[in-house]
Amino acid sequence: MLGPLLMALPALAGGGPANVLVVYNADDADATDVALHYRDARSIPAGQLCPLTGIDPADDAISAEDYALLVLDPVEGCLEGLPQPDDVDYLVLVRGLPYRVDITGGYSVSLDMALQVYRASPVIGSGQLAGSRQANSSGTWYASIDNPVLIASVGYEEDFDLSNAYMGWYVAASAVSRMTRLPDTFSRADAGIASGYSFDGNLFVVGRLDGFDYEDARALVDRAVAADGSYPTGTLLCMESADGARGARDPECELTTRLLADAGFDAEWLSPHDSALSGRTLAAYYTGAASIRDAIAGNTYAPGAMVDNLTSYGAVPQNFRCSEGGETCPASESQTSIARWVRAGATGVHGTVAEPLNNVFPNASALLLYTFGYNMGESWLFSTRFLYWQSTWLGDPLTTPWATRPTVSVPEVEIPEGEPLIVEAAHPDGIAELRLYVDGVRVEVASGDRMEAALGRVEGEVLEVLAVAVAEDVPVAREGWPAGEVSPAPAVQGWTTATVTVGPPLPQDTGTLDDTGGGTPPPTKGCACGGAPGGGAWPALLPLLVLGLRRRARTPKQDRLRPEVE
C-alpha cells in the first residue's frame, strides 16, 4: 500500500549499493549468475538489476541502431522504473555484452563509453551524443569530447623530472598535488557542460565485470569486496614504458610515485622497462608496452590493485576470447590482453577496444585520488580527459581499498507496530548522514550516527531493509605534500541489510485503576477532604499520565512518513 507522501526526495550521490544499476545479458545464464553474485556481494537492491535480451553473448560489436534498441532504451526503462532513478550514478556491466558500438559512417566507440554519456545532448540544437560520429582529421578518427569532471587539464612544468613529446596530455597529478580541496564524490546530476554538450544527469561511472571467462568476472567481485578498507601493503608501481609513444604518461607517473613515496606510501618509479618483471607484490601497475605478456603472471596483486598499460589494443574483443576448449587464453591475441591481469589477480584494469591514440588514457592522478579514499571508478573518471571514445574499465567501480567504510547496524530484526526502526553507525571520522531504504524505496534520511525511522507499517509485514551511512569528510595532512593539508571529499559509504518483521503493537496502558484488592476506603476527613471529589486518586494516577504522555510523544507524526510499498 502507499502511505502518506512527502515532496520528492532529492537525488543522493555517492558510491554505494543504492547508487548502482547492474546491466547484464539475461539470455546468458552465466552472465545472470555473475550479476546475481555481484548483487549479493554489494547488497544491491533487487530492483536495480537491468536484464537485456536479444543480444548474442558471442557478439563482439553491435550497430548503433541495435545499441539504441537493445541497450540504451532498456537501460532507460530500468532507470525509470526505479523509485529513485536519479540516485544511480554507476553502471556495472557484466560479461556477455558486446565490447564495441559501430557508428554508422564513422568510427566505433566502446559500449562502456556509449552508455557512460547516456542521453547527453547538445546545449544548442537537437540530437544526442551517443550514436553520433566522432571527429576526423585527414582520415584519422580522434577523441574530441572533453570530460567535464576531469580534475585538471593544466600542470606545472617545474614539477616534472622527466620529459616526453606527448606529456602535455598527462599533467593532472601536478595540479592535484597543489590542491587544498579535492572534488566532491561523483554525482551525475551535477556533471556539467563540456564540448557543447550538457552532461547533467547524463554521465555515469562505468565498470565491467569481465575477463577470459565468467569465473574471472566473479573473481573481480570477490577481490573488490576484499579490498575495501584493506590499505594494501603492495607497491604502487609505475614502470618506464617500452617506447616513447607509449611513454606519454611516464613523466606524470614518475611524479605520482614521487609524491606518494614522499607521503610515506610504498611507491616506486621503475626504470628501465623490465619486460619480464616478476616476484613483486603490487598495489598498482602502470606502464606502456605492446608486448608485456611475460611481466604479468609472475607478480602478486594486492586486493584493490589498479592496472593500466598504455597501448592500443589491450581490450580489443578478441583479447577476451579463449580457445574452444579453454586451453589457450586468449586464442588469438593482439598486443597484450588486459584480461591477463584479471586472471593474474588484479582488481581493476583499464584498456581500449580499438585504436585510441596515445592521449586518451587515464592520468596517473587516478592513483593519488585512489589513495585519498575515492573509489576506483571515481578515480579513473576524474582522471580521464575525453569521453565517448574507446575505454573499458574492468572491475567493480565501488572498490575502495584506501578508506575505512562506516559500520552500520540495525539492532532489532522485529519492531512492534507503531514503533520506530533504529539504525546506528560508527566511523573514526564521524557519520555525516544515514539513509534508510525499505524494499528499495528510500524512506528516511538523517544527519548524525543514529536514526529512529517511523515506517508506518502494520503487524505482519516483512521488510527488506538497506541502511547506508556516509562518513564525514575530514582534512588530511600528507608529509611532503606540496599543498600541505588537503581536504578530500569521497563521502565514503558503509551499509548493512536486514530482514525486519513488524510485530504486534506494544500493550497500551488505559490509565484505569485496579481496585480489586478491596480494603478500607479512605476517611472522609483529613487531607483528602479539601480536594475535589475522588481527589485522593490523583497521586496514584500521576505516573500513568506521565507514561501516556511519553507514549504519545513517540507516536510518529504524519509528516515524518515516507512512501511505502507492499
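Just so you know, we're using the working numbering here: the sequence shown kicks off at 119 and counts up by one.
Glycine residues also receive a C-beta, built at the ideal position from the N, C-alpha and C atoms.
According to DSSP, is residue i helix, strand or coil?
{"i": "Met285", "result": "helix"}
{"i": "Pro448", "result": "coil"}
{"i": "Ser292", "result": "helix"}
{"i": "Gly495", "result": "helix"}
{"i": "Ser256", "result": "coil"}
{"i": "Leu485", "result": "helix"}
{"i": "Tyr332", "result": "helix"}
{"i": "Arg575", "result": "coil"}
{"i": "Gly134", "result": "coil"}
{"i": "Pro606", "result": "strand"}
{"i": "Gln436", "result": "helix"}
{"i": "Ala248", "result": "coil"}
{"i": "Leu215", "result": "coil"}
{"i": "Ala521", "result": "coil"}
{"i": "Leu188", "result": "helix"}
{"i": "Leu400", "result": "strand"}
{"i": "Val467", "result": "strand"}
{"i": "Leu689", "result": "It is not possible to answer for residue 689, since the shown part of the chain is limited to 119 through 684."}
On the DSSP bridge assignment, give the partners of residue i in chain order.
{"i": "Phe504", "result": "Asp264"}
{"i": "Thr222", "result": "Answer is none; Thr222 lacks a bridge partner."}
{"i": "Met357", "result": "Leu388"}
{"i": "Ile540", "result": "Glu570"}
{"i": "Gly598", "result": "BP columns for Gly598 are empty, so no partner."}
{"i": "Gly325", "result": "Val210"}
{"i": "Ala408", "result": "BP columns for Ala408 are empty, so no partner."}
{"i": "Pro240", "result": "Tyr315"}
{"i": "Ala616", "result": "Val583"}
{"i": "Gln611", "result": "Val588"}
Measuring straight from C-alpha to C-alpha, what distance separates residue i and residue j?
{"i": "Thr518", "j": "Pro625", "result": "46 Å"}
{"i": "Ala589", "j": "Ala521", "result": "10 Å"}
{"i": "Glu535", "j": "Val339", "result": "38 Å"}
{"i": "Asn472", "j": "Ala433", "result": "The question names Asn, yet the displayed sequence has Ala at residue 472. The straight-line gap from Cα to Cα measures roughly 8 Å."}
{"i": "Val189", "j": "Gly598", "result": "48 Å"}
{"i": "Cys647", "j": "Leu581", "result": "Because the pLDDT of Cys647 is 38, which lies under 50, any placement of that residue in the model is unreliable, and the number read from its coordinates should be weighed accordingly. Looking at the two C-alpha atoms, the distance is approximately 57 Å."}
{"i": "Ala464", "j": "Ser455", "result": "13 Å"}
{"i": "Phe304", "j": "Asp361", "result": "35 Å"}
{"i": "Ala345", "j": "Pro623", "result": "43 Å"}
{"i": "Asp557", "j": "Phe383", "result": "42 Å"}
{"i": "Ser452", "j": "Thr258", "result": "21 Å"}
{"i": "Gly310", "j": "Asp392", "result": "41 Å"}
{"i": "Ser316", "j": "Gly132", "result": "21 Å"}
{"i": "Thr615", "j": "Ala420", "result": "28 Å"}
{"i": "Cys371", "j": "Trp387", "result": "7 Å"}
{"i": "Asp191", "j": "Ile162", "result": "22 Å"}
{"i": "Arg503", "j": "Val267", "result": "9 Å"}
{"i": "Tyr492", "j": "Asp627", "result": "52 Å"}
{"i": "Leu499", "j": "Pro538", "result": "40 Å"}
{"i": "Ala379", "j": "Asp277", "result": "15 Å"}
{"i": "Asp567", "j": "Leu229", "result": "40 Å"}
{"i": "Arg398", "j": "Asp412", "result": "13 Å"}
{"i": "Glu198", "j": "Thr351", "result": "42 Å"}
{"i": "Ala401", "j": "Leu354", "result": "5 Å"}
{"i": "Leu200", "j": "Tyr555", "result": "12 Å"}
{"i": "Val138", "j": "Leu487", "result": "21 Å"}
{"i": "Ile269", "j": "Met424", "result": "19 Å"}
{"i": "Asp184", "j": "Thr171", "result": "12 Å"}
{"i": "Ile221", "j": "Thr525", "result": "46 Å"}
{"i": "Ser430", "j": "Thr470", "result": "6 Å"}
{"i": "Arg575", "j": "Arg560", "result": "15 Å"}
Provide the residue span of the alpha helix (DSSP H) that contains residue i, from first to last.
{"i": "Trp459", "result": "457–462"}
{"i": "Met424", "result": "From DSSP, Met424 is part of no alpha helix (DSSP H) but of the beta strand (DSSP E) over 418–427."}
{"i": "Gln626", "result": "Here Gln626 belongs to no alpha helix (DSSP H), and DSSP marks it neither H nor E."}
{"i": "Val193", "result": "191–198"}
{"i": "Leu229", "result": "229–234"}
Over the uninterrupted beta strand (DSSP E) stretch that includes residue i, give me the two end residues.
{"i": "Glu562", "result": "559–565"}
{"i": "Leu475", "result": "Taken as a continuous stretch (DSSP letters only), Leu475 belongs to no beta strand (DSSP E), as it is neither H nor E."}
{"i": "Pro301", "result": "299–302"}
{"i": "Arg553", "result": "549–556"}
{"i": "Pro369", "result": "First-last for Pro369: 368–380, but that is the alpha helix (DSSP H), not the beta strand (DSSP E)."}
{"i": "Ser509", "result": "509–512"}
{"i": "Glu582", "result": "580–589"}
{"i": "Ile533", "result": "532–534"}
{"i": "Ser527", "result": "525–527"}
Can you confirm whether residue i, when its beta carbon is compared against all beta carbons of chain C, has any partner nearer than 8 Å?
{"i": "Pro625", "result": "The structure shown has no chain C; it contains just one protein chain."}
Checklist entry - Considering only residues of the stretch 136–182, which uninterrupted alpha helix (DSSP H) runs meet the minimum length of 4 residues and lie entirely inside it, listed in chain order? => result Counting only runs that start and end inside the stretch 136–182, the alpha helix (DSSP H) elements of at least 4 residues fall at 147–160.
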